[in-house]
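Comments concern the structure below.
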Amino acid sequence: MRISGLELIEVRLRLRERFVSSLGAQGDRRVLLLRIEGFEGHEGWGECVAGEDPSYSYETTETAWYVLTQFLLPALIGHEVEVPEDIWTRGPVVRGHPMAKAAVEAAVWDLQAREIGVPLWELLGGARSRLAVGVSVGLQADDEVLAEKVEAYLSQGYARVKLKIEPGRDFAMVRSVRERLPDAPLSVDANGSYTLDQAARIKELDALGLLMIEQPLGANELVDHVRLREMLGTPICLDESVRSQGDALAALELGACDVISIKTGPCGGLAQARAILDLCLEREVPTWCGGMLESGVGRAHNLAFATLPGLSLPGDISESQRYWERDIVSPEFILDGGGMLPPTEPGIGVQPDRSQIRQLMVRRCAFGAVRDPVAEGAT
Ligand code: OSB
Ligand code: MG
């Protein structure tokens, strides 16, 4: 597989509803889409999941644009790539910036699957079945509204609802949902907003029958997670703490968690995500596929990853309309029959909507010879 040309396109997408967590509020998403062309005439699409601000991690749309355009993308043109996970073996040394790298790897996976003519999930070794999925609900203005939203999502067929929490908006808020929905499969996500000295406060949640608490403490606080876990009845899931198989190994050796949320973007790509999954399988640690408010392109990659055997819990892979008025792919992702069915077309299996992408585009940068550009006009 050789890449002859590529386009990096920034689109601005408005969330249907502001997404509020301990990290802040998100209204507009600045999404980087990478479209690559192979010499054989096929294309591949990837999405960079970096956020608008450096609250979830140090990466942002802006740092990813910089690292991609200055270092990662120029090195791709003309190179022979055997397997997607090897794209960096002859490329430039770039420390960190996993979300920027993951966008490239994703596009290469899609290109390879389309060149072979198989769906990406099949190329990865997954199996097609209707997947049970979950939804992540942001902080709401009042508890009543939150409980109504949770109820509505459950009736739509979501298999698990995750509530964002932060110090001060935790026990009482979750209890009000629990009282209204005694049997609902609920989890919570603190995005690292607590410290170990608030353990008593976190422990109150034990009374609410939660499936898990995601990332209660800071990303680097593995040892504190071990201590918290000794005090807590609720299983601990790590998200921000696990960026590589090495991170997962450290967390599991120390006993810092019960569950791991694996995210294809933040851990640098599908290959690293699969490596984390392999380790978790070996150790019988439950996992699920996390989300980053992706557009349909990133969602397609997540769904393909989620078909791998072993991702046993429902992931944050929600319907397109949970995020967007109109997604940038067709068909859009929907829940049918209580789950999400991976597409059967080659590659990511959904078609990015070129005219909509052109309309939403705020900047573009191209490398190599682009045969069939979505848009003209480099910045
Ligand atoms: O912590 O899982 C998280 C969104 C952006 C950044 C971090 C997280 C999230 C979510 C939403 O919880 C997941 C999704 O629906 O894509
Ligand atoms: Mg999380």
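Numbering that gives the first Met the number 0 puts the first residue of the sequence shown at 0, with every later residue one more than the last. Glycine included, every Cβ here is placed at the ideal spot set by N, Cα and C.
- In terms of CA proximity to R321, S135 leads the group S135, E42, Q214, A158.
- Of the candidates A374, G346, R357, F366, G346 places its Cα closest to the Cα of V117.
- Contiguous beta strand (DSSP E) elements confined to the stretch 342-378 occur at 360-367, taking only those with 3 or more residues.
- Within the stretch 130-206, the alpha helix (DSSP H) runs of at least 4 residues that lie entirely inside it are, in chain order, 142-155, 170-179, 198-202.
- Membership of I275 in the alpha helix (DSSP H) is indicated by the continuous run 269-281.
- Here R29 is bridged, per DSSP, to R11.
- Under the criterion of beta carbons closer than 8 Å, I316 and C288 qualify as touching, at roughly 6 Å.
- A140 counts as exposed, since fewer than 16 other beta carbons sit within 10 angstroms of its beta carbon.
- Taking each of R127, E178, M291, R179 in turn and checking the Cα distance to A102, the smallest one comes out for M291.
- No Cβ-Cβ contact shorter than 8 Å links A270 with F304.
- In this model, P53 and T59 are separated by some 6 Å (Cα to Cα).
- Look at the stretch 34-115 and you find these whole runs of beta strand (DSSP E), each 3 residues long or longer: 42-47.
- By DSSP's assignment, I261 forms a beta bridge with C288.
- Distances taken from the Cβ of D257 to the heavy atoms of the ligand MG include none shorter than 7 Å.
- For L122, the enclosing alpha helix (DSSP H) covers residues 119-123.
- Between R89 and H96, the CB-CB gap reaches or exceeds 8 Å.
- Non-local beta-carbon contacts of D326 in its own chain, meaning distances under 6 Å to residues more than five positions away in sequence, involve G295, S319 in chain order.
- Counting only residues of its own chain and dropping the five nearest sequence neighbours on each side, Q244 has a CB closer than 8 Å to the CB of Q271, A274, I275, D277, L278.
- Per DSSP, reduced to three states, the secondary structure at S319 is helical.
- Comparing alpha-carbon positions, the option among Q69, T306, D223 lying closest to I261 turns out to be T306.
- Per DSSP, the unbroken alpha helix (DSSP H) holding L253 starts and ends at 244-253.
- Between G254 and the set L227, G267, P265, R242, the nearest pair of CA atoms involves L227.
- DSSP, read as helix, strand or coil, puts R17 in strand.
- Distance from the CA of E84 to the CA of L209, rounded to the nearest whole angstrom, comes to 36 Å.
- For L302, the enclosing alpha helix (DSSP H) stretches over residues 295-305.
- Exclusion of the five residues before and after D205 leaves L231, G232, T233 as the residues of its chain whose Cβ lies within less than 8 Å of its Cβ.
- For the pair of segments examined, the stretch 169-182 was found not to touch the stretch 7-18: the number of CB pairs separated by less than 8 Å stays below three.
- Proximity to the ligand MG was defined by a C-beta distance below 7 Å to any of its heavy atoms, and the residues meeting it, in sequence along the chain, are D188, N190, E213, Q214, D238, E239, S260, G289.
- Beta-carbon to beta-carbon, A131 and G338 are separated by about 5 Å, close enough to satisfy the 8 Å threshold.
- Per DSSP, the continuous alpha helix (DSSP H) segment holding L221 begins and ends at 221-230.
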